[in-house]
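There are 2 protein chains.
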Amino acid sequence: MRQEKSGCPINLTMEVIGDRWSLVILRDIMFGNRRHFGELLENSLEGIASNILAARLKRLTDSGMITRTADSAHKQKVIYSLTEQAIELVPIMAMIGAWGRKHLAVTPELAIRAQLLEEGGPQMWEGFMEELRYLHLGHRQNDPPPSVLDQLTAAYLEVAARERKGG
Amino acid sequence: MRQEKSGCPINLTMEVIGDRWSLVILRDIMFGNRRHFGELLENSLEGIASNILAARLKRLTDSGMITRTADSAHKQKVIYSLTEQAIELVPIMAMIGAWGRKHLAVTPELAIRAQLLEEGGPQMWEGFMEELRYLHLGHRQNDPPPSVLDQLTAAYLEVAARERKGG
DNA sequence: TAAAACCACTTGCATAATACAATTGGTTTG
DNA sequence: CAAACCAATTGTATTATGCAAGTGGTTTTA
């Protein structure tokens, strides 16, 4: 299974992200700011196996969703970056998160980011995409964009702490 | 693989629709108005195998995306209907279609529906969802909703005809 | 400076999912 | 009453996934 089965937009998109891991890996790069293989492997909520992670990173690179560059500060590390194409998944990520939050048995600390993103709407998504272009594509501007990522991460940490003490 | 790996909304959603066929089958029920096993099998653009189709229909039923009812007009037929939960995928379908159309090698006659849905925006999506509630959930109202489905199908047939004669 | 830890993977092997073709038992049509 | 239809199921082959261990190199630590 790696042939194009039809030229339908939905089908072709599912040929790129329609598997158990691709979107979850992109989520970790995007919202977790994981840029190295080891970070993606160790901090994986779902416990991905290293061979599967390697295979997916290769496939995502081939399909133009991420790029692979050497880390100049650490010769054996590799930096994975989102492409513009992947950054444009942000609204879809937000809507999938909202759908999942509404219909499935999500846990509070993992749902908070989806909630904020839903409440923030297209304006927040656009801000986040600008930040990702700054972080992943090296788009430099006069002022770095205000960090939506920090905002989402702070909210997550807060809820996670509250949950741990039985809130 | 059928265990819950994490309570993250994106992960849980991918556990439901994150495979090569589920979203494509929902697309055919939704936009192609295919309600029977045979229709889904025979008219499948991507050529799904009958055992895979049967397995997916079972799984989609178990996860509350579709329902299975007997066809009173034809005892051996089964009618598959979308649930409210699946109907609420319409905006996601529209955005996935738009993303695929922008970034992947779609064919014109299969992309026209995605284009119209993108141009129509949230207002058209809501209209289409109302129509799906009418068709699949039996929501009766004073006037049946104006058919977005007919509009999309007509546009598809027009482009398909134009493409066939080498437009 | 030598040992330990880290890094991005790869390998070997078991299990599970998918693909294809043929078939099933019942129903409806001609 | 035979042929076609219907929603699957069965058998078998191929491919993907999952897990544990290992690789060759680099960086850190004692």
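From first to last, the protein sequence lines stand for chains P and C. Each residue of the first sequence is one higher than the one before, counting from 1 in the UniProt record's numbering. Each residue of the second sequence is one higher than the one before, counting from 1 in the UniProt record's numbering. Where is the CB? At the ideal position from N, CA and C, for every residue including glycine.
For the C-beta of Pro91(C), the chain P residues within less than 7 Å are, from N- to C-terminus, Met95. In this structure, DSSP gives Val159(P) a helical state, which the three-state scheme calls helix. Residue environment: Ser72(C) is assigned as exposed (fewer than 16 neighbouring CB atoms within 10 Å of its CB, all protein chains considered).
Sequence-distant Cβ neighbours of His139(C) in its own chain, meaning closer than 6 Å and more than five residues away, are Arg133. Going by C-alpha positions, Leu110(P) is about 10 Å away from Gly97(P). Sequence-distant Cβ neighbours of Ser63(P) in its own chain, meaning closer than 7 Å and more than five residues away, are Val16. For Arg68(C), the closest alpha carbon among the candidates Lys75(C), Leu57(C), His74(C) is that of Leu57(C). No Cβ-Cβ contact shorter than 9 Å links Leu104(C) with Thr83(P).
At a cut-off of 9 Å between C-beta atoms, Gln85(P) counts as an interface residue with respect to chain C. Not flagged as an interface residue toward chain P: Met124(C), since no C-beta distance is shorter than 9 Å.
As the crow flies, the alpha-carbon of Leu89(P) is around 44 Å from that of Lys75(C). Under the Cβ distance rule, Val148(C) does not count among the residues neighbouring chain P, no pair being separated by less than 9 Å. Restricting attention to Glu163(P), Gly166(P), Asp143(P), Glu126(P), the CA atom closest to the CA of Ala94(P) is found in Glu126(P). When secondary structure is reduced to three states using DSSP, Thr83(C) falls in the coil class, being assigned neither helix nor strand. Its chain contains His36, Phe37, Arg68, Thr69, Ala70, Asp71 as the residues whose beta carbon lies nearer than 8 Å to that of Val78(C), once the 5 sequence neighbours on both sides are disregarded; these appear in chain order. Annotation: Ala55(C) to Pro146(P) spans about 47 Å, alpha carbon to alpha carbon. When Cβ-Cβ separations below 9 Å define contact, Ala111(P) makes contact with chain C.
From the listed residues Gly32(C), Val24(C), Glu163(C), the smallest Cα separation to Ile52(C) is found for Val24(C).
Not a single C-beta of chain C is nearer than 9 Å to the C-beta of Asn43(P). Within chain C, the residues placing a beta-carbon under 8 Å from that of Ala105(P) are Glu4, Gly7, Leu12, ordered along the chain. Look at Arg34(P) here: in three-state DSSP terms it is coil, with no helix or strand label. Neighbours of Arg20(P) in chain C, taken as residues at a C-beta separation under 8 Å, are given in chain order as Met1, Met14, Glu15, Gly18, Asp19. Gly7(P) is positioned such that its CB atom lies closer than 9 Å to that of Val106(C).
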